[in-house]
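Quick notes on the structure that follows.
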Amino acid sequence: MITQTQQRKPIEYRNELNPVWCTGCGDYGVLKSFTRAFAKLGLPNERIAIISGIGCSSRLPGYCLTYGFNTIHGRSLPIATGLKTARSDLTVIACGGDGDAFAIGAGHIPHAIRRNPDITYFVMDNSCYGLTKGQASPTTSHEFKEMKGLIGIDEVPINPVLFVLSCGAGFIARTQSGNMAHMADMLTQAIQYPGFAFIHCLSVCVTYQGREIQEVLDQKCHPLPEDYNPSDQTQAFNIARKDPWALGVIYRRGLEATEEEPNAQ
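In my numbering, the protein residues as written are 8 to 272.
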């Protein structure tokens, strides 16, 4: 269980390195939300580990004054799970993009969920491979493909929230990169959840999508209804299927994390 220790400032969790992301990239907001969440929880820097895969968003650990590991493509979850198993005292966060998570890394998600380690998986979904020239990703919608002229690609996109919910995740939230306060709140709640927590962050790639894409997110995204009950799985499935723009904690189930001392086996 995470407990607050002392009042901290977000800047205390940033190192001296300047991000190499394009100006206007959604990852800047995500980085700030990470440091805000850490400060709010008063986490000791040396007790945080951020594990990422490959891609623009996976550079994030390199800009935090914490422990971090930029691993190989799609493999952040098994490495994060192993780290949490060996060092249960650490706050472990896995992060990456939609290609990293739902293409090469998709096979790891169901198994991480069923093992239920006390880790958070933060996926920055800009619906493209921004590091390798903006190709369509597993989450690219038909509308976006038509808008950007990605002809010859007629694949049904993955619904990240529905996928993770169907796999049995106990904590699922959605946020967007243009709202740092909301991102920080979702990450704070995810870190405090005693089990596998998933955050789907709608993000933008200004280089291959244009700056207007953030305006689209701001217009379409909206909070969950006031009477929404995140413990109701039926409501969660309805939101997952019908409303890709609803922000907030979509599902939360009481569930104890699986943490065994490695020497106890």
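Think of the CB as a built atom: it goes at the ideal place given N, C-alpha and C, for glycine as much as any other residue. This structure is a prediction, so every number in the text was calculated from the model and none was measured.
- Ranked by how close their Cα comes to the Cα of Met131, the residues Asn186, Ser65 and Trp252 have Ser65 in first place.
- Classified as exposed, Gly114 has fewer than 16 neighbouring CB atoms from the shown chains inside 10 Å of its CB.
- With a cutoff of 9 Å on beta-carbon distance, Thr146 and Asp105 are scored as near each other.
- Taking 9 Å as the cut-off, the Cβ atoms of Arg248 and Asn133 do not count as close.
- Judged by DSSP in its simplified three-state form, Arg121 adopts helix.
- Unbroken beta strand (DSSP E) runs of no fewer than 3 residues, entirely contained in the region 142-208, are found at 178-183, following chain order.
- When the beta-carbon positions are compared, Ala253 and Leu231 come within less than 9 Å of each other.
- Following the DSSP letters along the chain, one finds Ala101 inside the beta strand (DSSP E) bounded by residues Thr98 to Gly104.
- Comparing alpha-carbon positions, the option among His229, Phe244, Tyr200 and Leu172 lying closest to Val99 turns out to be Tyr200.
- Non-local C-beta neighbours of Ala204 in its own chain, meaning closer than 6 Å and more than five positions away in sequence, comprise Thr127, Phe178 and Ala197, ordered along the chain.
- Counting along the chain, the unbroken beta strand (DSSP E) around Gly75 starts and ends at Tyr74 to Asn77.
- Distance check between Arg218 and each of Thr30, Cys71, Thr182 and Gly89 places Thr30 closest, using alpha-carbon atoms only.
- Distance from the CA atom of Arg15 to the CA atom of Ala46, rounded to whole angstroms, is 5 Å.
- Under DSSP, Leu254 shares a beta bridge with Pro230.
- The beta carbon of Phe109 sits closer than 7 Å to those of Pro145, Thr146, Ile165 and Pro167, all from its chain and outside the five residues before and after it, given in chain order.
- When rounded, the separation of the alpha-carbon atoms in Ala101 and Gly261 is 21 Å.
- Around the beta-carbon of Gly49, fewer than 16 other beta-carbon atoms lie within 10 Å, marking it exposed.
- Per the coordinates, the alpha-carbon of Met187 lies some 17 Å from the alpha-carbon of Gly103.
- Within the same chain, Phe129, Ala180, Met193 and Ala197 come within 6 Å of Ile206 by CB-CB distance, once the 5 residues on both sides are set aside.
- Judged by DSSP secondary structure, Phe244 falls within the alpha helix (DSSP H) whose first and last residues are Gln240 to Lys249.
- With 16 or more other Cβ atoms inside 10 Å of its own Cβ, Asp125 counts as buried.
- Taking 9 Å as the cut-off, the Cβ atoms of Ser184 and Gln221 count as close.
- Contact annotation: Arg43 and Pro17 have beta-carbon atoms nearer than 9 Å.
- For the pair Ile58 and Leu24, the CB atoms are not nearer than the 9 Å cut-off.
- If you compare the alpha carbons of Arg82, Pro51 and Ile61 with that of Cys71, the shortest gap goes to Pro51.
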